[in-house]
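Numbering (the working numbering), first residue to last: -9 to 307.
A short worksheet on the structure shown next.
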């Protein structure tokens, strides 16, 4: 019998053209689903027929309730080797295999730096003014000689730190697991959490979302920041207390925020981040690059082929 395979979370309707899915014709039929996440009842109706589901990391939540509503599901394949939206113990208990893929390591740091540059130089305002027939709207900021604070010095945080060093910035870092020795190896100065927020002219978040990191950038941390500081988050929305950030931005407690991730995605139509003039926001495109999608989807196909042959690869459970 032909295996029913769904590639979901294809919001941009690009998945079918990034790689050649026809190599799976001997295994089953591939369907591309472009709908946004919904409640579990809707998702169960939408996905109930599929035995294999390919998901883009952390767009659609597969909790125990939803997994229990999908009796045909045998294999979940996610972009990346970590996906906090998947209930791994529940999947294992139901006998659902979960496989992942490698990630292209350059897309997120590059987007982070693009946001830092665009916000610092007020590029959107200046570009829109030029299109409207205007010229030179104001004075922008500078990065050289300023302090870049990195919250989470993992692979992405280290790359952003390197960008800052090239631009002549002093780079400092903190996280709960970071040591002075590890920071020194990256050419970065280790500081306390409070010092990080107090000293940073640009504070960039690069932590993995966990119960420990959820809400870590809270009202107190924002209160520590300079009134001239910029907060950048391309990691995960819930790491920052969204209500506290909105309040700080509305009161001009900090100069601005450059955000690619949000508590709820897609961002609601009437959300303040869509209208605040000191927010530069992009729709979670940090990992949305051709190179990354090619790697994700190519290895998803390999995962399905391995599973069909009885030899799953890149198993997460």
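A virtual CB, placed ideally from N, CA and C, is assigned to each residue, including glycine.
Subject >> Residue of 266, 100 and 12 minimising C-alpha distance to residue 154 >> reply: Comparing Cα positions, the closest option is 100.
**OP:** Provide the residue(s) that pair with residue 18 in DSSP beta bridges, ordered along the chain.
**Re:** -7
Original post:
When the Cα atoms are used, what is the spatial distance from residue 179 to residue 216?
Top reply: 19 Å
Subject >> Expected contact under 8 Å - CB spacing of residue 48 and residue 73 to nearest Å >> reply: 6 Å
Original post:
For residue 276 versus residue 98, is the C-beta spacing smaller than 8 Å?
Top reply: yes
Subject >> DSSP three-state assignment for residue 80, whether helix, strand or coil >> reply: helix
**OP:** Just grab the DSSP bridge partners of residue 162 for me.
**Re:** Residue 162 is bridged to 139 and 179.
**OP:** Please check the pair residue 130 and residue 110, which I expect to be a contact at CB under 8 Å, by giving their CB distance rounded to whole angstroms.
**Re:** 7 Å
Original post:
What are the start and end residues of the alpha helix (DSSP H) that includes residue 237?
Top reply: For residue 237, the enclosing alpha helix (DSSP H) begins and ends at 232 to 240.
Original post:
Going by alpha carbons, who is nearest to residue -4 out of 142, 144 and 290?
Top reply: 290
**OP:** Name the one or two DSSP bridge partners that residue 207 has.
**Re:** 230
Subject >> Span separating the alpha-carbon of residue 43 from that of residue 34 >> reply: 12 Å
**OP:** Identify, in the order they occur along the chain, each residue of the same chain with its Cβ nearer than 7 Å to the Cβ of residue 292, setting aside the five sequence neighbours on each side.
**Re:** 303
Original post:
Is it the case that the Cβ atoms of residue 195 and residue 106 are separated by a distance below 8 Å?
Top reply: no
Original post:
Nearest CA to the CA of residue 305: which residue from 5, 82 and 28?
Top reply: The shortest CA-to-CA distance from residue 305 to any of 5, 82 and 28 is the one to 82.
Original post:
What's the call for residue 232, buried or exposed, on a 16-neighbour Cβ count within 10 Å?
Top reply: By the neighbour-count rule (16 or more Cβ atoms within 10 Å), residue 232 is buried.
Original post:
Between 301, 2, 3 and 256, which lies nearest to residue 27 when the distance is taken from Cα to Cα?
Top reply: The candidate whose alpha carbon is nearest that of residue 27 is 256.
Subject >> Rounded Cβ spacing between residue 279 and residue 94 (contact assumed at less than 8 Å) >> reply: Right, the Cβ-Cβ distance comes to about 7 Å (below 8 Å), so this counts as a contact.
Original post:
So who's on the other strand from residue 68, going by DSSP bridges?
Top reply: 45
**OP:** Measuring alpha carbon to alpha carbon, tell me which of 68, 229 and 136 ends up nearest residue 45.
**Re:** 68
Original post:
Just how far apart, CA to CA, sit residue -6 and residue 65?
Top reply: 11 Å
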